[in-house]
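Step one of this worksheet: look at the structure below.
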Amino acid sequence: PEHVAFAHGDALACGDLAVAEGSVAVAAPEGDLRAYLTSLRRVHVRNPGRLLPGHGPVIEAQRATVERLIAHRLDRERRVLAAVEGGARTVETVCDRAYGKDLTGVRDLAEATVRAHLEKLAVEGRVRYDPGRDEARPA
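Going by the working numbering, the sequence shown opens with residue 271, and the numbers climb by one from there.
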């Protein structure tokens with residue numbers, strides 16, 4: 271999926287790309303982490319004065335927010351990769367190791383996010399991921 275943003279003065283209406291608090295769900299099969307990170311990096315380079323997200327308050331500290339969102343995704347990616355390299359094979363096990371906390375009520379979303387990370391890592395040749403079996407292995 272593509273990300274669209276609209277400039278208005280010094281502001282950028284960014285829809286679901288960024289939020290002031292927490293993180294944006296980028297979940298498979300619709301979510302493409304490579305596209306999401308590319309969009310965040312484009313916003314960072316553009317450096318608008320503020321972001322107007324589709325949900326929540328206006329983001330005045332846009333650079334810090336974009337940097338936080340990128341760092342969050344890359345940290346989760348490191349955890350997913352470490353889980354696979356550490357022997358986790360199923361999405362469920364990778365999810366448990368990558369999150370390391372109780373996922374009651376959000377497990378489906380967390381597993382879909384792990385799938386998106388595995389898809390990205392597979393495209394980059396860093397893991398082998400079989401979405402049909404929901405299994406991953408080191409590359």
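Quick reminder that beta carbons are idealized off the backbone N, C-alpha and C, glycines included. Every value quoted in this text rests on a predicted model; they were computed, and no experiment measured them.
Query raised in the report: Between which two residues does the beta strand (DSSP E) harbouring H278 extend?
Result: Stepping through the sequence shown from its first residue, residue 278 is reached at position 8. From DSSP, the beta strand (DSSP E) with H278 extends over 276-278.
**Report entry** N- and C-terminal bounds of the alpha helix (DSSP H) containing R338
**Finding:** As a first step, residue 338 must be located in the sequence shown, where it is residue number 68. Per DSSP, R338 belongs to the alpha helix (DSSP H) from 332-355.
Report task. Taking only runs that begin and end inside the stretch 282-327, name each unbroken beta strand (DSSP E) of 3 or more residues, in chain order. Result -> Fully enclosed beta strand (DSSP E) runs of 3 or longer: 320-323.
Query raised in the report: How many angstroms separate the CA atom of G356 from the CA atom of F276?
Result: In the sequence shown, the residue the question calls residue 356 occupies position 86. In the sequence shown, the residue the question calls residue 276 occupies position 6. If you take the alpha carbons of G356 and F276, they lie about 43 Å apart.
Query raised in the report: Which residue's Cα is closest to the Cα of C365: G285, L339, V384?
Result: Residue mapping note: residue 365 aligns to position 95 of the sequence shown, counting from 1. That would be V384, whose Cα lies nearest to the Cα of C365.
Report task. Would you decide whether V315 is buried or exposed? Buried here means 16 or more other CB atoms lie within 10 Å of its CB. Result -> Counting from one through the sequence shown, the residue named residue 315 turns up at place 45. Exposed, since its Cβ has fewer than 16 Cβ neighbours within 10 Å.
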